[in-house]
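>
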Amino acid sequence: MFETYVKYLAFLNGKLAKFFESQKPYIFCKKGCAMCCKHTQLPYSLLEIKYLLTGFLQLDKETQGKIEMNFNRIAEEKKNFKGDNFLYDCPFLIDDVCSVYEYRGIICRTFGLMTKKIDGRTTVPFCCFQGYNYSNVIDLEEKKISQKKVKERGFPEEPYGFNIDYEYLTDAEIEHAFQVSFGEKKPLIDWFID
Ligand code: SF4
Ligand code: SF4
66 MFETYVKYLA FLNGKLAKFF ESQKPYIFCK KGCAMCCKHT QLPYSLLEIK YLLTGFLQLD
126 KETQGKIEMN FNRIAEEKKN FKGDNFLYDC PFLIDDVCSV YEYRGIICRT FGLMTKKIDG
186 RTTVPFCCFQ GYNYSNVIDL EEKKISQKKV KERGFPEEPY GFNIDYEYLT DAEIEHAFQV
246 SFGEKKPLID WFID
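Per our numbering, the very first residue in the sequence shown carries number 66; after that it's consecutive.
(1) Using a Cβ-Cβ cut-off of 7 Å (strictly less than) and excluding sequence neighbours within five positions of G219, which residues of its own chain qualify?
(2) What are the boundary residues of the alpha helix (DSSP H) that Y231 is part of?
(3) Measuring straight from C-alpha to C-alpha, what distance separates L107 and F257?
(4) N201 CB to nearest chain D CB: under 8 Å?
(5) Helix, strand or coil for S87 per DSSP?
(6) Please state whether DSSP places L158 in a helix, a strand or coil.
(7) Can we say the segment 81-100 touches the segment 132-150, given the rule of at least three CB pairs closer than 8 Å?
(8) Could you tell me which uninterrupted alpha helix (DSSP H) segments, each at least 4 residues in length, are contained entirely in the segment 192-252, listed from first to last along the chain?
(9) Beta-carbon separation of L111 and E249 under 8 Å?
(10) Classify N78 as buried or exposed, calling it buried when 16 or more other Cβ atoms lie within 10 Å of its own Cβ.
(11) Which first and last residues belong to the beta strand (DSSP E) in which Y109 is found?
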């Protein structure tokens, strides 16, 4: 059922590994840092959710129970939320570790890199402003990469914004090329909680 999707993920993982390698001077991800899985809203397609759930079903009962408790807590938070941009800690994050790492969605695989958005903008990861990725070359006032800092630090090239926008990585061309169908897309939590 997931044969073509798994092939696509292998292709994507290979690309992302090269991208991360090329950005090494700017990347400060550390084991145990799970900020990108917290206080967020993650787009997930139907295909990604189904794949994620195959990972969930392979977990031991205790971990599954913890995830279910997370869902209950988030459902309660969502019920009491008054604004229009509900953010949440990913329910699959257990003790700051992804419990379904091999099965995680596409957006989760791109965390931490500079991205060229589908509308042409280039964005840095939010953790840049908290002293992590790309923070060594950011101009905090201008909120953009400082060419001066890149030069001063003697980096061979400036950081690069990759075509890893979620919309791009799940578009019709990808579907055609890899014979996959992503189906409906919505925030992860909305697949489980109304
Ligand atoms: S699925 Fe895993 S990697 Fe993705 S947000 Fe949740 S805990 Fe983080
Ligand atoms: S991308 Fe940023 S927030 Fe996420 S693990 Fe790396 S350093 Fe932490």
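Glycine included, each C-beta is placed from N, C-alpha and C at the ideal position. This one's a predicted model, so the numbers in the text were calculated from it and none came from an experiment.
From the atom records:
(1) None.
(2) Y231 to L234
(3) Between L107 and F257, the C-alpha separation is close to 13 Å.
(4) Here there is only one protein chain, and chain D is not present.
(5) helix
(6) strand
(7) no
(8) 212-217, 231-234 and 237-243
(9) Result yes, Cβ atoms of L111 and E249 sit closer than 8 Å.
(10) exposed
(11) P108 to S110
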